[in-house]
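The listed protein sequences derive, respectively, from chains U and W. Taken in order, the first sequence gives residues 32 to 344; the numbers are from our numbering. Taken in order, the second sequence gives residues 32 to 344; the numbers are from our numbering. The structure appears right after this line, and notes come after that.
Number of protein chains: 2
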Amino acid sequence: MNISETAQYLKTLDRVLILTHVRPDGDTVGSAAALCQALRDLGREAYLLDNPEITATYAAYAEPYWATEGFTPDSVIAVDIAAPGLLPENAKIYADRVELCIDHHPSNSGYARRICLDASAAAAGEIVYAVIRELTAVTPAIALPLYVAIATDCGCFQYANTTARTHRIAAELMEQIDVSAVNKALFRTKSKVRLAMESRMVADMELYDNDRVVVMQIPLSLRQEYHATEADIEELSSLAALVEGTDCGITLRELKPGTVKISVRSGPRVDACAACALLGGGGHRAAAGATVEGTMAQAKAAILQAVERVTEA
Amino acid sequence: MNISETAQYLKTLDRVLILTHVRPDGDTVGSAAALCQALRDLGREAYLLDNPEITATYAAYAEPYWATEGFTPDSVIAVDIAAPGLLPENAKIYADRVELCIDHHPSNSGYARRICLDASAAAAGEIVYAVIRELTAVTPAIALPLYVAIATDCGCFQYANTTARTHRIAAELMEQIDVSAVNKALFRTKSKVRLAMESRMVADMELYDNDRVVVMQIPLSLRQEYHATEADIEELSSLAALVEGTDCGITLRELKPGTVKISVRSGPRVDACAACALLGGGGHRAAAGATVEGTMAQAKAAILQAVERVTEA
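This is the structure in structure tokens:
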């Protein structure tokens, strides 16, 4: 469905439950919150399904919209969720009845009955912005979570997914809100624990493939040593992508013994999505991920081999 | 002078020399290069005075415009230069004959015969963009250095000086050019030397004033230990501003034995410009600097006292 069709369809709904994805980021949370507020401004009953994995970074944007216990939705909407496997545990019961998915992942599995997908959007928030524009006024209460959604998914306008449209939407949103505190909190603040962990990851980084591929690791032991919270670790995978001379930054994070989350950030030479797809994951060409079973060493060997395979092809 | 008056005045000039400031950053270099190209597109002879302190980061934007030896200008223009003291050594001979200064520093000393100043601009590049729009087409050769000017001075749209106008100009420029390689090089690349130096600065940081003020130091010895180039050190002063819980990040850099460059990045509580002014420096409220004589310890004591004084007031 295009933007107008999606807006028209949304007008027909009431008692709406909006879902966010596992390990929720700014885009899924901000887009869902903005959409929820817009539906409420239209007089509809709308909630977000509470996401148990929400971090302190994004909690304030989502919590005001958590569904009360016992809320029975008529319609379920998913935002920024590319596949049913990315639904949190408490959302799995809705996997078969998602009426609409608004997404920007080209790898979207098509699990929802209706889909509004624009892979050229830097964030699902860009699509949600366009939809809301056709529904109701973009108030400050809508503009703030939308700014969070868009700014976080494009690295505050640094990533290659940023377009002229991304900047124009940001300009429109900034007419409604002061984003300086948000920018400071999201992009220019690091906890002392995080700074210390980054130092260790840099000291221990490994280079491969003629120093073009860098691997950084976050074993459980490192997290325990620093008593790191989830917020301390959030987006740590962007660190590997900074190393000069490399164009493929791999971060391995031990989620629990035997389970490793792999994140890949890459330049044009390497298709991160294709590499992660070989391990059952997905994402975008320049930023993708996969979760695998095995030790850190096994995960490292697997993703290095996958990167090599897609790069040769 | 306003934008139109400045554009009209520029049309009357020929044989123009454009000056950039000491320790040239993206804004002074990018703004000067864009203006120089625009004047050339108008059929004028125009050059940049070579800046001996240019780093590898910005050299490619400036070098094509360096004045040939023996070029005698009819008119001299300064871009992003708040005071004659910020002129490089080889530009001092022009200090008394700057016909026009285009600047966004509220502290501009008014040394030029004409001034086009807009303190609400995130970068001098925003003003130069508006002026060029009245002169000639914004071609890719103009858009690229202007994007560098604007993006670097607002921390790629993260700093509090970023406005809706900043984003709108970025959108216009991005219609002309692909900025992904520039963003990667300027904002998402760190040399291994820089990463190692950052780790050391973090490990050695000191906290003051109930942990609200953080001090980081770059002594000459640290630079020598890592064989760091100027490009490795560039913008290292932004690191101190990241530490969670602090709202005043002070970086002390030993330029040579007995001379220390102080940089202050601050939140609303602290007026960085007022603090640095007490030590003979200047800048913006949230980002300012001063160069002082003395040891690192003396410079630290002086700026901590200055910050305390302006914060009490």
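A virtual CB, placed ideally from N, CA and C, is assigned to each residue, including glycine.
Excluding residues up to 5 positions away in sequence, M32, Y40, E130 and L131 lie with their Cβ nearer than 7 Å to the Cβ of W/R145 in the same chain. Contact between U/L148 and U/D134 holds: their C-beta atoms lie close to 5 Å from each other, under 8 Å. Across the region 269–293 of chain U, CB contacts with chain W closer than 7 Å involve A272, L273, V274 and E275, in sequence order along the chain. Just so you know, the alpha carbons of U/L66 and U/G57 end up roughly 14 Å apart. Ranked by Cα distance from W/A174, the first of W/I264, W/A63 and W/Y142 is W/A63. Closest in alpha carbon position to W/P137, among W/G116, W/P119, W/E120 and W/D111, is W/D111.
Under the DSSP assignment, W/I34 falls outside any beta strand (DSSP E), being part of the alpha helix (DSSP H) whose first and last residues are I34 to K42.
Annotation for U/Q248: the continuous beta strand (DSSP E) segment containing it runs V244 to I249. Collapsing the DSSP output to three states places U/C187 in coil.
The beta carbon of W/M205 sits closer than 8 Å to some beta carbon of chain U.
Residue environment analysis places U/G314 among the buried positions, since at least 16 neighbouring C-beta atoms fall within 10 angstroms of its C-beta.
For W/S297, the three-state secondary structure derived from DSSP is strand. With fewer than 16 other Cβ atoms inside 10 Å of its own Cβ, U/P288 counts as exposed. As the crow flies, the alpha-carbon of W/S294 is around 16 Å from that of W/C185. Counting other Cβ atoms within 10 Å of its Cβ, U/G156 reaches 16 or more and is therefore classed as buried.
Here W/D134 is bridged, per DSSP, to W/L148.
With its beta carbon at least 8 Å from every one in chain W, U/K331 lies outside the interface. One thing to note: W/L79 has its Cβ no nearer than 8 Å to the Cβ of W/A91. Cβ atoms of U/A272 and U/R296 come within 8 Å of each other, at about 4 Å.
Contact of W/R219 with chain U by beta-carbon distance below 7 Å involves Q189, A272 and L273. The beta carbon of W/E229 sits closer than 8 Å to the beta carbons of K221, L267 and L270 from its chain, once the five residues preceding and following it are set aside; these are given in chain order. The region 204–217 of chain W makes no contact with the region 244–256 of chain W; the number of CB pairs closer than 8 Å stays below 3. Burial is judged here by how many other beta carbons sit within 10 angstroms of a residue's own beta carbon; W/Q329 has fewer than 16 and is exposed. Of all residues in the region 242–270 of chain W, none has a C-beta nearer than 7 Å to a C-beta of chain U. Between W/R199 and chain U, the shortest Cβ-Cβ separation is below 8 Å. In terms of beta-carbon proximity, W/K123 stays away from the interface with chain U, with every pair separated by 8 Å or more.
By the rule that beta-carbons nearer than 8 Å mark a contact, U/L177 does not touch chain W. In the DSSP assignment, U/I163 falls within the unbroken alpha helix (DSSP H) covering A155 to R164. Below the 9 Å Cβ cutoff, chain U contributes A202 and M205 as neighbours of W/T194, in chain order.
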